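Written below as structure tokens is the structure these notes are about.
Numbering (UniProt numbering), first residue to last: 1 to 194.
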């Protein structure tokens, strides 16, 4: 089975490819799922024609696709002068529709972005609250579209100094928690990893 993982990098080049969470997770999912990672620094949900074209061309490379896991939204929020989680949730709905246009057989999984590390009173705290609100919107989108939902926003992950990107330890934590979440959703067999 194949799973495309569409996400931002979340590492800001803090750790090497072998130590990033998608690489760690991909190794652990073998032989059940081949993880096809498509991560890009600064990636947002596809709003513009050229972004949608890129997504559709990428999806059309595969005759069949079992899973499409997407974790986007933080960069979308950070690019807004006033964060609007409900607008971003609509963009997520549109993304799911694009995926289903090409691969109706595919099971989509929405992964809510991890929490940000800004304390109350910090100038970026508004974005942290919006990121938390986005989780609730994504949960509703997943229910509406029959998609899976993984709430990475509740995980206590180690971040680097900027309060946004994962540290090397945060990458290890994220991979382990993603593996557990995929087990709970019965996407991979439970107990395989001891």
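The beta-carbon is built from N, C-alpha and C at its ideal position, and this holds for glycine as well.
Being a predicted model, the structure only gives us computed values, none of them experimental.
Euclidean distance between Cα positions of residue i and residue j
i: residue 66; j: residue 165; result: 29 Å
i: residue 174; j: residue 46; result: 24 Å
i: residue 53; j: residue 72; result: 17 Å
i: residue 150; j: residue 95; result: 17 Å
i: residue 86; j: residue 63; result: 33 Å
i: residue 101; j: residue 60; result: 10 Å
i: residue 48; j: residue 42; result: 15 Å
i: residue 136; j: residue 30; result: 31 Å
i: residue 19; j: residue 120; result: 31 Å
Best match in the options for proximity to residue i [C-alpha to C-alpha]
i: residue 77; options: 187, 171, 93 and 128; result: 128
i: residue 160; options: 154, 170, 153 and 152; result: 170
i: residue 108; options: 141, 79 and 81; result: 141
i: residue 104; options: 26, 145 and 84; result: 145
i: residue 122; options: 83, 163 and 147; result: 163
i: residue 155; options: 137, 143, 180 and 148; result: 180
i: residue 98; options: 83, 55 and 81; result: 55
i: residue 7; options: 39, 26 and 184; result: 39
Per DSSP, the bridge partner or partners of residue i
i: residue 37; result: 5
i: residue 108; result: 68
i: residue 148; result: 109
i: residue 166; result: 159
Same chain only: Cβ atoms within 6 Å of residue i, ignoring 5 sequence neighbours per side
i: residue 21; result: 171, 174 and 175
i: residue 182; result: 188
i: residue 33; result: 1 and 3
i: residue 152; result: 111, 112 and 114
Same chain, Cβ closer than 8 Å to residue i, five either side skipped, listed in chain order
i: residue 118; result: 124, 125, 127, 128 and 163
- Task: Give a yes or no on contact between the region 88 to 103 and the region 111 to 119, applying the rule of three or more CB pairs nearer than 8 Å.
- Result: Verdict: no, contact absent.
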